[in-house]
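Visitor: Below you will find the structure I want to go over with you.
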Amino acid sequence: MNKLTELLHSPYPALCQRWKTVLIPSVIVFLIIYLLQPFGIAQMHNAHKLFILLGYGVVTGMALGVFVYVLPAFFPNYYKEQRWTLGKQLLNILMNCVLIAVGNWLYTSWLYGLEPSWYLFLVCMLWVAILAPFPTTIFLMWNRNLLLARNLKEATEMNFYLSRKIVSEDKKSSTEEKGDCPKVLIFSGGTKEVLEVNADNFLYAEAEGNYVKVTCYSIKDGKAVQKLLRVTMKQAEETIASYSYVIRCHRAFLVNVRKVVKVEGNSQGYRLRLEGCEEEVPVSRAYAKEVKMLIENEVAS
């Protein structure tokens, strides 16, 4: 049950181009109905058959428009891209199918002058249940590929900037470091355990329950080492607040952008490869734009 809950709360890529989200599934539904003519439509003899079937595509488009345009306008926080999850996506698809079935029910009743009975509603629900998987699968794959292409493009742009990065020891020191800000990061929480890390040697920090795992270069051999501390992520953020190049890139990760050597894109966002570190650091959608800007600014400055 915990794994299922975690899966449903996992981030899911939001829709890229909303008008296509409405148009493409509607066209697919119309083409399926018109070309295959299921549910006895082949026996329909009507001079306006094309326009009647087109009406079902319009109903589908209107129902999709409610979830793509209307509801996000009234409930922007719920539909924020940064908060969109697999569970929300599945619920959205389910409710969309119900609304399409209701639209088809009312449209069919009006078209043939029938009473909107429960039997007719169940028939319309059955139609939607049979037809919905086709446009849904096609569209989700298309949308995922769009997001993948976008993230790969942005990752390529960042890698271009990183390839131009020639950092001298003098350039590694930021304006803040030349002032009164300390050169040492001091991670401490509610216990007596304290970790002091040279800011230039810090790689990333990862939240693990009530602990934070700090990864940095070892002064002795220059290899990446890890230390688990009983501190909160908020306390860790306060520690790195004076250093603009160390930022939050995920709800569970802080990263030193100056140590990024390569960016890899996927449909969920980005993953950062750090200098001398085997592990990759994820970048969630909420922080992707900030990370991209900082990488480009660090190289340009």
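FYI, in my numbering the residues of the sequence shown are 13 to 313.
Beta carbons are placed, not taken as given, at the ideal position from N, Cα and C, and that holds for glycine.
Can you list, in chain order, the residues of its chain whose CB lies under 6 Å from that of residue 140, leaving out five sequence neighbours each side?
Guide: Closer than 6 Å at Cβ, skipping near neighbours: 109, 112, 113.
Visitor: Using the rule of at least 16 other Cβ atoms within 10 Å of the residue's Cβ for burial, across every protein chain shown, is residue 297 buried or exposed?
Guide: Burial call: buried.
Visitor: Pairing CB atoms from the stretch 295 to 310 with CB atoms from the stretch 249 to 265, are three or more of them under 8 Å?
Guide: Touching, yes, given that three or more Cβ pairs across the two stretches are closer than 8 Å.
Visitor: Could you name the residues of the same chain whose beta carbon sits closer than 6 Å to that of residue 136, not counting the 5 residues immediately before and after it, in chain order?
Guide: Same-chain partners within the cutoff: 113, 116, 117.
Visitor: Ignore the nearest five residues each way along the sequence and tell me which others in residue 46's own chain have a CB closer than 6 Å to its CB.
Guide: So the qualifying residues of the chain are 65.
Visitor: For the putative contact between residue 143 and residue 44, defined by C-beta atoms under 8 Å, what is the C-beta separation to the nearest angstrom?
Guide: With 8 Å as the limit, residue 143 and residue 44 qualify as a contact, their Cβ atoms being about 6 Å apart.
Visitor: Kindly list the residues whose CB is nearer than 6 Å to the CB of residue 91, restricted to its own chain and excluding five residues on each side of it in sequence; keep chain order.
Guide: Here the set comprises 84.
Visitor: Just how far apart, CA to CA, sit residue 314 and residue 156?
Guide: Nothing can be reported for residue 314, as the shown portion of the chain is limited to 13 through 313.
Visitor: Measuring alpha carbon to alpha carbon, tell me which of 33, 164, 274, 291 ends up nearest residue 152.
Guide: Cα-wise, what sits closest to residue 152 is 33.
Visitor: So, helix, strand or coil for residue 95, using DSSP?
Guide: Correct three-state label for residue 95: helix.
Visitor: To the nearest angstrom, report how far apart residue 230 and residue 291 are at their CA atoms.
Guide: C-alpha separation (whole angstroms): 16 Å.
Visitor: Are the Cβ atoms of residue 71 and residue 131 separated by less than 7 Å?
Guide: Against a cut-off of 7 Å, the Cβ pair of residue 131 and residue 71 comes out as no contact.
Visitor: Starting from the Cα of residue 259, find the closest Cα among 63, 211, 121 and give me that residue.
Guide: Ranking 63, 211, 121 by Cα distance to residue 259 puts 211 first.
Visitor: Please check if any C-beta of chain D sits within less than 7 Å of the C-beta of residue 268.
Guide: Of the protein chains in this structure there is only one, and it is not chain D.
Visitor: With a Cβ-Cβ cutoff of 7 Å, do residue 240 and residue 225 count as a contact?
Guide: Cβ distance < 7 Å, so residue 240 and residue 225 count as in contact.
Visitor: Going by DSSP, what residues sit across from residue 227 in a beta bridge?
Guide: DSSP lists 216, 238 as partners of residue 227.
Visitor: In chain order, which alpha helix (DSSP H) runs of at least 4 residues are fully inside the stretch 115 to 155?
Guide: The stretch 115 to 155 contains these whole alpha helix (DSSP H) runs: 130 to 143.
Visitor: Have a look at the DSSP bridge pairing and note the partners of residue 200.
Guide: Looking at the DSSP assignment, residue 200 forms a beta bridge with 206.
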